[in-house]
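Engineer: Got a structure for you, written out below as structure tokens; questions coming shortly.
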Amino acid sequence: MPIPVAPESQWFEPQELRRLFAAGEAIFLVDAARLQEFRGDSDRPLLNDLLPGAARGARWYAEGAIVPAFGVERGFYTVLVRSTETEGAMTPLSHIAFSTGFVLGTETGELLVANAERLENWQSEGARIVLDGQDAGERRGVRVAPGWYGVTVVAGIRDNDESGDEEWVVCFLLEPQAEQPEFFADTKKSLNVFG
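Note that the working numbering has the sequence shown beginning at 23, numbered continuously upward.
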């Protein structure tokens, strides 16, 4: 699929998904159509290909079809998808862990946010994306501007001033690029903020 070339920064609304459970100690940002295109009709369990060090997954990460947040503590997270170019300051977090150098390319701008459990039994119908708050368990969609992005993944804790509770956060920070950026991420890096 050709990815649109965006000579200027493309604006998109900040996306926030609440109470996504990090089963399998991972959360993924996925262009489902591109991942399915790379994967084809394989009946291999998708999750095996996504583990750090797996050759097929490494290609999919480098080609920008999927971005992982590995090593996050099991529990409920607020997942943020934000643009680095069109927004102000980063969400204030404490106990930060981050990983940079990921790539994301999307022709449509429709992305899937899913935990490892939801990707474990991926089939061709797994490319169906649920958008705008429809009930989808731990597989939900967000919309961004089509194009290429360099991605930094940040995990941390946000204090909720209203309730006084801590909120676990994973943030995918998307930096718009005019063309496919170089992939240099360490997929073995853990984003566990507690250890």
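Ideal Cβ placement from N, Cα and C applies to all residues, glycine included.
From the DSSP output, in three-state form, read off residue 47 for me.
Structural biologist: helix
Engineer: DSSP three-state label for residue 80, please.
Structural biologist: Three-state DSSP puts residue 80 in a helix.
Engineer: What's the call for residue 33, buried or exposed, on a 16-neighbour Cβ count within 10 Å?
Structural biologist: exposed
Engineer: Mapping DSSP to helix, strand and coil, what is residue 140?
Structural biologist: In the structure shown, residue 140 sits in a helix (DSSP, three-state: H, G or I).
Engineer: Could you give the distance in angstroms between the alpha-carbon of residue 204 and the alpha-carbon of residue 165?
Structural biologist: 23 Å
Engineer: If contacts are defined as beta-carbon pairs under 8 Å, then residue 92 and residue 48 qualify, I think. What distance do you get, rounded to the angstrom?
Structural biologist: 5 Å
Engineer: Quick check on this structure: which residue in 118, 131, 122 and 115 has the alpha carbon closest to the alpha carbon of residue 56?
Structural biologist: 131
Engineer: Please report the residue range of the alpha helix (DSSP H) in which residue 71 lies.
Structural biologist: Here the alpha helix (DSSP H) through residue 71 covers 68-72.
Engineer: Counting only the same chain and skipping the five closest in sequence on each side, list residues whose C-beta sits under 6 Å from that of residue 126.
Structural biologist: Cβ within range, chain order: 86, 89, 171 and 173.
Engineer: Whole angstroms are fine: how far does the CA of residue 195 sit from the CA of residue 107?
Structural biologist: 10 Å
Engineer: By DSSP's criteria, residue 197 is part of a beta bridge. Which residues make up the other side?
Structural biologist: Its beta-bridge partners are 172.
Engineer: Considering only the alpha carbon of each residue, which of 54, 213, 185 and 115 lies closest to residue 83?
Structural biologist: 54
Engineer: Would DSSP call residue 98 helix, strand or coil?
Structural biologist: strand
Engineer: CA-CA distance, residue 61 and residue 44?
Structural biologist: 23 Å
Engineer: Check residue 120 in the structure and name its three-state DSSP category.
Structural biologist: strand
Engineer: Tell me the DSSP bridge mates of residue 91?
Structural biologist: 49
Engineer: Taking residue 59 as part of the alpha helix (DSSP H), name the residues at either end of that continuous run.
Structural biologist: 54-61
Engineer: Who are the Cβ neighbours of residue 119 in its own chain at under 6 Å, not counting the five residues just before and after it?
Structural biologist: Taken in chain order, the residues that qualify are 177, 213 and 215.
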